[in-house]
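All residue numbers for the sequence shown refer to this note's numbering, where the first residue is 426 and numbers rise by one.
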Amino acid sequence: MKVFSRFLKDEDGAALIEYTVLLGILLIAVIATIGLVGTWVSKQWLALDKALSP
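This is the structure we're talking about:
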């Protein structure tokens with residue numbers, strides 16, 4: 426029982442969880458940005474191909 430109560434009072438793991446959540450949010454933002462940039466680049470390539478095609 427003492428181990429469980431010490432576990433509840435210990436805040437060392439809280440920082441790890443906070444950093445993990447922040448990392449997850451950052452990862453989602455990076456993936457979304459890569460998706461949007463990829464779509465934009467694809468449209469640019471298609472427009473360039475259309476402009477250069479006879």
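We treat Cβ as the ideally placed atom computed from N, Cα and C, and that holds for glycine.
Just so we're clear, the structure is a prediction, and the values are computed from it rather than from any experiment.
Which residues mark the beginning and the end of the alpha helix (DSSP H) in which residue i is found?
i, result
"S467", "437–477"
Within 8 angstroms of any Cβ in chain D, is that where the Cβ of residue i sits?
i, result
"I450", "Reference to chain D is not applicable here, since this structure consists of a single protein chain."
For residue i, I'd like the list of residues in its chain whose CB is within less than 8 angstroms of its CB, leaving aside the five on either flank, ordered along the chain.
i, result
"G463", "none"
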